[in-house]
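Inspection log for the structure reproduced underneath, given as structure tokens.
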Amino acid sequence: MKAVILAGGLGTRISEETTHRPKPMVEIGGKPILWHIMKIYSHYGINEFVICCGYKGYVIKEYFANYFLHMSDVTFDMSNNKMEVHQRYAEPWRVTLVDTGENTMTGGRLKRIRNYVENDEAFCFTYGDGVSDVDITKLIEFHKSQGVNATLTATYPPGRFGALDMQDGKVITFKEKPKGDGGMINGGFFILSPKVIDLIDDDASIWEREPLERLAQHNQLAAFPHEGFWQPMDTLRDKIYLEELWQSGKAPWKVWE
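What follows is the structure, given as structure tokens:
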């Protein structure tokens with residue numbers, strides 16, 4: 098099974114980091130968050146990726162073109178114009194980078210990579226700025242058991258502010274960064290049939306609107322409940338939080354060894 102990853106947005110809410118690179122290339126622990134997402138999938142045996150590039154997509158292409166240089170020690174023999182890569186480390190990945198347009202919406206990007214997945218029974222699909230400890234194997238099994246064309250991962254949004262329970266001007270309880278208001282949201286990490294691409298009109302189509310709404314109306318959208326860790330990197334605050342988790346050695350999404 099392939100994993101399709103959206104990596105073409107502008108990332109305006111984290112512009113401190115995205116002036117010179119696309120948001121999926123913003124680093125956590127010295128590695129792009131895109132790399133972290135791919136490592137999650139790879140842990141579950143999914144090693145073929147289709148990356149939907151857009152804004153500054155050349156940065157992503159250059160990263161993979163020079164992957165050995167990023168991951169290994171290297172000696173440059175200037176006098177003989179030679180380069181020697183030491184401790185050559187390779188991921189078992191096949192990565193296809195597709196230019197899906199700088200201003201294309203999420204649905205339009207998916208439509209543009211149709212020919213890479215149209216012969217597959219199903220494929221994974223997610224956003225290039227969110228990490229989770231969702232069990233991809235169980236997600237796929239759940240999708241197959243539902244007999245639908247699309248499954249999303251339903252998760253709780255991370256809380257951003259401390260919640261107060263007050264009475265007569267006094268704080269009765271205080272909960273730091275509680276999870277949302279109790280409702281689950283779309284956390285990405287989809288499993289899709291190629292049939293869903295027929296529901297996407299053009300580059301201006303937003304995946305989370307008409308296509309998902311149509312799937313729901315026709316009882317073809319299942320939700321895999323995930324109560325574990327899930328965190329998007331929408332803002333600089335999110336980036337700092339993820340970095341702190343990584344540096345602590347207890348990053349919940351690090352399911353690989």
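First residue of the sequence shown: 98, per my numbering; consecutive thereafter.
Beta carbons are placed, not taken as given, at the ideal position from N, Cα and C, and that holds for glycine.
Can you tell me the Cβ-Cβ gap for residue i and residue j, rounded? I've got them flagged as a contact below 8 Å.
| i | j | result |
| --- | --- | --- |
| Asn-246 | Trp-190 | With 8 Å as the limit, Asn-246 and Trp-190 do not qualify as a contact, their Cβ atoms being about 27 Å apart. |
| Val-352 | Pro-291 | The pair is not a contact, with the Cβ atoms about 27 Å apart (cut-off 8 Å). |
| Ser-302 | Gly-204 | 3 Å |
| Ile-148 | Ile-102 | 5 Å |
| Gly-198 | Asp-300 | 6 Å |
| Gly-151 | Thr-201 | 6 Å |
| Thr-252 | Trp-350 | About 12 Å; that fails the 8 Å criterion. |
| Thr-223 | Phe-287 | 6 Å |
| Val-192 | Phe-161 | 5 Å |
In whole angstroms, what separates the C-alpha of residue i from that of residue j?
| i | j | result |
| --- | --- | --- |
| Gly-154 | Asn-316 | 36 Å |
| Leu-339 | Ser-345 | 10 Å |
| Gly-285 | Glu-124 | 20 Å |
| Arg-211 | Glu-310 | 20 Å |
| Gly-225 | Glu-305 | 15 Å |
| Gly-106 | Lys-120 | 7 Å |
| Leu-207 | Ser-176 | 47 Å |
| Asp-295 | Thr-248 | 16 Å |
| Lys-336 | Trp-343 | 11 Å |
| Ser-169 | Ala-104 | 25 Å |
| Gln-171 | Ala-320 | Per the sequence shown, the amino acid found at residue 171 is Val instead of Gln. Rounded to the nearest angstrom, the two C-alpha atoms are 46 Å apart. |
| Lys-235 | Arg-118 | 34 Å |
| Phe-220 | Leu-312 | 16 Å |
| Met-122 | His-133 | 10 Å |
| Gln-314 | Leu-166 | 49 Å |
| Lys-241 | His-183 | 43 Å |
Looking at the ligand FAD, does it come within less than 8 Å of residue i, judged from the CB to the closest heavy atom?
| i | result |
| --- | --- |
| Leu-249 | This structure simply doesn't include the ligand FAD, nor any ligand for that matter. |
Provide the residue span of the alpha helix (DSSP H) that contains residue i, from first to last.
| i | result |
| --- | --- |
| Leu-131 | 130 to 140 |
| Gln-344 | 333 to 344 |
| Pro-308 | 307 to 314 |
| Gln-317 | Per DSSP, Gln-317 belongs to no alpha helix (DSSP H) and is neither H nor E. |
| Arg-211 | 211 to 214 |
| Leu-107 | Where Leu-107 is concerned, there is no enclosing alpha helix (DSSP H), given that its DSSP letter is neither H nor E. |
| Glu-218 | Counting along the chain, Glu-218 falls outside any alpha helix (DSSP H), and DSSP gives it neither H nor E. |
| Lys-235 | 233 to 243 |
For the beta strand (DSSP E) that residue i lies in, which residues bound it at each end?
| i | result |
| --- | --- |
| Ser-229 | 227 to 229 |
| Tyr-164 | Looking at the DSSP string, Tyr-164 is not in any beta strand (DSSP E); the run it does join, the alpha helix (DSSP H), is 164 to 168. |
| Phe-146 | 145 to 150 |
| Pro-329 | 327 to 329 |
| Lys-153 | Neither: Lys-153 is in no beta strand (DSSP E) and is coded neither H nor E. |
| Ala-247 | 247 to 252 |
On the three-state DSSP scale, how would you describe residue i?
| i | result |
| --- | --- |
| Val-195 | strand |
| Val-352 | coil |
| Val-293 | helix |
| Val-123 | coil |
| Tyr-81 | Since the displayed the chain opens at 98 and closes at 354, residue 81 lies outside it and no answer follows. |
| His-117 | coil |
| Phe-286 | coil |
| Lys-179 | strand |
| Thr-203 | helix |
| Lys-208 | helix |
Quiz item: So does the region 211 to 230 actually touch the region 131 to 139, counting three or more Cβ pairs closer than 8 Å?
Solution: yes
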